[in-house]
Amino acid sequence: MTDPLNTADASPDGVPAALAIAETRAWVRRAVIGLNLCPFARAVDVKDQIRYVFSDATDAETLLATLVVELQRLADTDPAVVDTTMVIHPRVFADFEDFNDFLELADAAVEDLDLDGVLQVASFHPRFQFADTEPDDITNATNRSPYPTLHLLREDSVDRAVAAFPEAEAIFERNMETLEKLGAQGWAAVQKSWEDDAAAEFGG
Numbered sequence: 015m016t017d018p019l020n021t022a023d024a025s026p027d028g029v030p031a032a033l034a035i036a037e038t039r040a041w042v043r044r045a046v047i048g049l050n051l052c053p054f055a056r057a058v059d060v061k062d063q064i065r066y067v068f069s070d071a072t073d074a075e076t077l078l079a080t081l082v083v084e085l086q087r088l089a090d091t092d093p094a095v096v097d098t099t100m101v102i103h104p105r106v107f108a109d110f111e112d113f114n115d116f117l118e119l120a121d122a123a124v125e126d127l128d129l130d131g132v133l134q135v136a137s138f139h140p141r142f143q144f145a146d147t148e149p150d151d152i153t154n155a156t157n158r159s160p161y162p163t164l165h166l167l168r169e170d171s172v173d174r175a176v177a178a179f180p181e182a183e184a185i186f187e188r189n190m191e192t193l194e195k196l197g198a199q200g201w202a203a204v205q206k207s208w209e210d211d212a213a214a215e216f217g218g
């Protein structure tokens, strides 16, 4: 089935690292923050505490090695300098189901590094799909990024953010409503805005 919500080419092998990072940063600002999909994201963006990492991995083993390095780096870095890390990997796991399977290895890596309860790995994907939804269901867009991306989070930061947001448990449902009101055309406009921002940054 054709997926009009797809946010990226399935195999963008030739994407330059700088463009992939620019587009992901623009997506965070236009979609994640702009649509208020994550009320906690604005603060770390404004403080420049998000580390964007491009991985040219083409297989699971190489990506896992990159993930291990970045998990350890984040654990060793002052949260005031880097609070969270986005590992962007356009050249591996274009297929969402394969990507989803890889997340088990990602979680195992956290445990192997004795970072369980310290860090966690979340994920975004251009073809993200909730269970029991069709590919073109607009609600899938809440977790759709320009490229397959692993999001490394500090548990303490997540806990503080949730404590500061009294209705944290309602975020998911609110996001579903936001996307349903926006519709496919509205989402396409948001996508164009982040692509334009990235092109301007990359070109400049």
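Residues 15 to 218 in the working numbering are what the sequence shown spells out, letter by letter.
No residue lacks a Cβ here, since even glycine has one placed at the ideal position from N, Cα and C.
Which term fits residue i, buried or exposed, when burial requires 16 or more other beta carbons within 10 angstroms of its beta carbon?
i	result
residue 32	exposed
residue 146	exposed
residue 71	buried
residue 222	The displayed coordinates of the chain run from 15 to 218. Any statement about residue 222 would go beyond what the structure contains.
residue 176	exposed
residue 144	exposed
residue 141	buried
Quick check: the Cα distance between residue i and residue j, rounded to an integer number of angstroms?
i	j	result
residue 199	residue 84	36 Å
residue 182	residue 54	10 Å
residue 216	residue 36	7 Å
residue 214	residue 40	10 Å
residue 150	residue 157	13 Å
residue 210	residue 38	12 Å
residue 102	residue 66	7 Å
Based on the DSSP secondary-structure assignment, which residues constitute the bridge partners of residue i?
i	result
residue 139	Partner(s): none; residue 139 has no beta bridge.
residue 205	Answer is none; residue 205 lacks a bridge partner.
Classify residue i as helix, strand or coil using the three-state DSSP reduction.
i	result
residue 216	helix
residue 199	helix
Three CB pairs or more closer than 8 Å across the region 72-82 and the region 136-144: In short, these stretches do not touch, since the Cβ pair count stays below three.
Spell out a yes or no on whether the region 87-101 and the region 162-175 are touching, meaning 3 or more CB-CB pairs, one atom from each, closer than 8 Å. Counting C-beta pairs closer than 8 Å gives three or more between the region 87-101 and the region 162-175, which meets the contact rule.
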